[in-house]
Structure formats: C-alpha cells, structure tokens
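Just remember that this note's numbering sits 213 ahead of the position in the sequence shown, which is counted from 1. From the three backbone atoms N, C-alpha and C, an ideal C-beta is built for every residue, glycine too. All values derive from a computational prediction rather than experimental measurement. Report on the following structure.
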Amino acid sequence: MKYDFDTLVDRSNTSSSKWGYRKALFGRDDVLPMWVADMDFPAPAEVVEAVRSRAEHPIYGYTVPPSSLWKAIIERLDRFYGWKIKEEWICLTAGVVNGLYSAISAYARPGDEIVVQPPVYYPFYGAVKNTGCQTVYSHLKFDGERYTMDFDGLEDLFRGRSTFPARSPRIKALILCSPHNPVGRVWTRDELATLGRICAEHECVLLSDEIHCDLLTPGARHIVTATISEEIAQNTVTFMSASKTFNLAGLGTSFVVIPNDRLRREFMRARAGHNSGNLFGYAALEAAFRYGDDYLTQLRAYLAGNLRYFTEFLKARLPELKLIRPEGTYLAWVDLRGLGFTPAELQDFIRNKARLALDDGFAFGPGGEGFQRVNLACPRSIVVEATDRLEKAIIEWRGAKKHGS
Ligand SMILES: Cc1ncc(COP(=O)(O)O)c(C=O)c1O
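Structure representation (structure tokens):
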C-alpha cells in the first residue's frame, strides 16, 4: 500500500495539542505548528482498524494485555534490533515520561541525584524535580557541527572531582536519550559501550529512552544500549513505544524492558497499580509492531525528503542559520545564534515575525540558548510554507540590520 504523507489532514475538533493550543501557548492562532513531537500523518490503516474494532465492543472494563501483544514486542525487537528479550522483562507503562517517573521513584530517594545530558528533552527535568530528586548536568560537547558525550566530565561527577559542587554517592541514575532529542545524534556502539561501562562501574542505573529508535536518517543504525554487553543489560532500563513511529501518543501506552530481576521488581513496585496503558493502546501497539514495517519504510523516505528540502533551503537562502545534521528523529535542531538575539528576542522573532510555533532551544536546558527545534514530520507543503515564512522574516531582519535599527 502506498501511504499518502502529502495531504494535510484537518485536525480541528480533535483537541490536538499541536494545532489546537496555538493561541494559548504561542499567543496567536496563525503560527504554523512545528513544535511538539507529533506527526501530521495518519497512523497505518491496520492500526486504525485495530482500534476501531476494539471500540466496537461496548465494554471497556479492566483489561489484561493479550499474550499476542507480548509476542509482537518480542518479535519486533529481535527483527529490528537483534535484541532477544524474555516476556517477563517487559512492563507496560502509560507513556515513556510516566515510566521515567516510576523509574526514578524506584531507584532514587528524594534528594538523590539524576544525571541528564543537556540540551535534552525537557520533560526529563520535570521527572527528576517532581520525584524530589536533583538534576546533575553532564553537558554534551559541541564542536559547532556535532554533539558528543563528555565522558571525562561524567567520570568527574561520579568521583567527586568536579570543582564545585562535589558530587558522587547520591547519583542514582542517568537518563540517556537515544537517539537524542533535540540534537539528533544516533549514538555509536562505542559511545554507548563507554557510557554503559561508566554507569555500571558507579552503580548508576542507565535509563535509556529509545522512543525515537525507529526514526533514522538514511545510513544511520540504532543500537539498543542493552544489547552491548550482559553487564550493561543488567544495569539498563529501556523505554520504548510505538507512539513516535506510528503517531499514537494520544493512546498513552508504551513499555519498558528490564532484564535485571531486582531492577524490574523495584520498577513494578513504583509503577502505581494499573498505570500501564489502556486497551486501545494495546490494540494499536500490537497492530503497529505486526503490520507497520512498510509504513515505516515509506515514512522514513518521506521524512528524508523533508529534511533534504529543509537542509538545502537553509544552505542556499538562509546562511545565517545553521542546521545541525540529524542522524535520527524527525526533529531539526537549528542554530540561530548568528542572528545575535537574546533568547527572548529569538522567541519573539520566531513567533511574531516568522509566525512559526517551534520549541525554544533554551527550554532544553543549558546549551540550548539561541537554537530552535523544528518538527519536520508534516506534509512537504508545510515545510515549504515554514521556510518561506522564515526567509521573509530574515530578509526583514537583514534590512533592519543594514539600516542599523
Ligand atoms: C525523548 C522522548 N521521550 C519521551 C517522549 C514522550 O513519550 P510519552 O508521550 O510516551 O510520554 C518524547 C516525546 O517527544 C521524547 O521525545
């Protein structure tokens, strides 16, 4: 079946956060929404059918995930990532962020420290803070083109060698974003092996958020952190979902894979009661994993086309802006520091001059200032419209600069 990603589907009256809350969140209705990581594409037909078919049965009582769902997850992880897991390692959760809250509550006490690698997906900060823990930064290194992890700095945090404040025994977990949102890195085997070794050495549980694992640019390959070695597998909690790949976030269903018995027991204790997704989510997840391969192949090709258009446009017409080439995710991380704005001025420029609803870089924590994150999972016509709006705003900015205002 050929999927149509070109047609813009009307999402009014669906309470879409991306489209419906522009006035509330961005101060105006006429901004093109390219912020939250939600695609403007319909889910695969088989997924829609699975949800519809379940909805037709009028009783929506407590539901146990069917054994066919576990099978679908086990088969897909093996098929896509060569990861052989056991059914009992899987725990369902009501979303990845929800699962992160449970994991932090399971492995840390209030006041303990959790490492994040900024600039990074901002709900990580909320998960740490709202569980009473403290965020410790292991800043990504940026050479102007590409981001890498700072392993020396991370070792320093554990050993308490950092100048101030002294760290160490209270670090209980590190949240890894793999592939990384927003900088787009798909981490290499070596990088993951080094990170995994350091965490294991310091008894720091590695919380590996791999929600974007399927969304790779041509040539990129995702390595599941827990496949690197048995030692790393025993210290890693992996968060996955069909929600990014197949646009199912509103169904609030995802899963965690925990090979280590103790870590799994502690996680299950912290995951409150039935906080494990819902019957529509189970139906959608299973159908997506069983029947979604062709959709994913076509989706990746379409997203690659969007990225190509966006890259070439910036290069040819907007040399003041610099795209950090993503290896994974459908998100483009754009460096606009060349415009010389403060973060507040840049926000105003993007919303009110370019009329775009993007994610402000500063929201992703230190190192994000002066950047914007652009969601390219939309029909090409939206990318074209967005780049045109951006160009008009930049032309005006050039004019004002020339006349010294
Ligand atoms: C890295 C990352 N983790 C988690 C989420 C959200 O997952 P969920 O909706 O399942 O909580 C997102 C959504 O953008 C994300 O980018």
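Counted within 10 angstroms of its Cβ, other Cβ atoms place residue i as buried (16 or more) or exposed
i	result
E443	exposed
H487	exposed
I608	exposed
N172	As shown, the chain starts at 214 and ends at 618. That puts residue 172 outside it, with no answer to give.
Y508	buried
M247	buried
H415	buried
M362	buried
D223	exposed
A237	exposed
Y335	buried
P332	buried
D253	buried
A307	buried
M453	buried
Y275	exposed
D403	exposed
G617	exposed
S351	buried
T564	In the sequence under discussion, the amino acid at residue 564 is Arg, which differs from the Thr named in the question. With 16 or more other Cβ atoms within 10 Å, it is buried.
Collapsed DSSP secondary structure at residue i in the structure displayed
i	result
W302	helix
I388	strand
C426	coil
K457	helix
F239	helix
K354	strand
G308	coil
R380	In this prediction, R380 scores a pLDDT of 47, lower than 50, which makes its location untrustworthy; the coordinate-derived value is nonetheless stated afterwards. Here R380 sits in coil by DSSP.
E604	helix
L498	helix
E533	coil
Q447	coil
Q585	strand
T348	strand
I436	coil
G518	helix
A485	coil
P246	strand
G580	coil
I317	helix
D573	strand
T510	helix
T524	helix
Residues of its chain near residue i, where Cβ-Cβ distance is below 8 Å and the 5 sequence neighbours each way are ignored
i	result
E598	L245
L544	A250, N394, P395, G397, R586, V587, N588, L589
S229	D251
Y273	L492
Contacting residues, own chain, Cβ-Cβ under 7 Å from residue i (five flanking each side not counted)
i	result
Q447	P472, N473
T600	F523, F526
D295	Checking the displayed sequence, the identity of residue 295 turns out to be Gly instead of Asp. Here the set comprises T440.
N519	L589, R593, V596
A379	Residue confidence is low: A379 scores 49 on pLDDT, short of 50, so the model does not pin down where it sits. Its coordinate-derived value is still stated next. Around A379: G373.
P257	F459, A501, Y504, G505, Y508
V309	D422, I424, F452, S454, S467
Residues near residue i by beta carbon distance below 6 Å, same chain, minus five either side
i	result
L353	Q330, Y360
R410	none
C390	V333, Y334, D422
L603	A567
P187	No information on residue 187 is available, as it lies outside the stretch 214 to 618 that the chain covers here.
D548	K535, F584
Closest Cα partner of residue i within the set the options
i	options	result
P592	A567, D561, I563, Y515	Y515
G463	A439, F562, I411, A497	A497
P556	V547, A237, G581	G581
E259	S280, A501, L603, D572	A501
K297	W283, I563, K385, G308	W283
A485	G518, I317, W302, R267	I317
L571	A285, D243, L221, D219	D243
R383	L405, V418, T407	V418
P323	F293, E499, G345	G345
K619	E326, T451, G583, C426	The requested residue 619 does not occur in the structure, where the chain is confined to residues 214 to 618.
K615	W546, G494, L552, F293	L552
R475	T449, G465, T466, K457	T449
F468	L305, F293, I286, Y234	L305
G465	S489, R478, L221	S489
For the region 306–317 against the region 337–348, are there 3 or more C-beta pairs whose distance is under 8 Å?
-> yes
- [ ] Spell out a yes or no on whether the region 530–540 and the region 421–435 are touching, meaning 3 or more CB-CB pairs, one atom from each, closer than 8 Å.
- [x] yes
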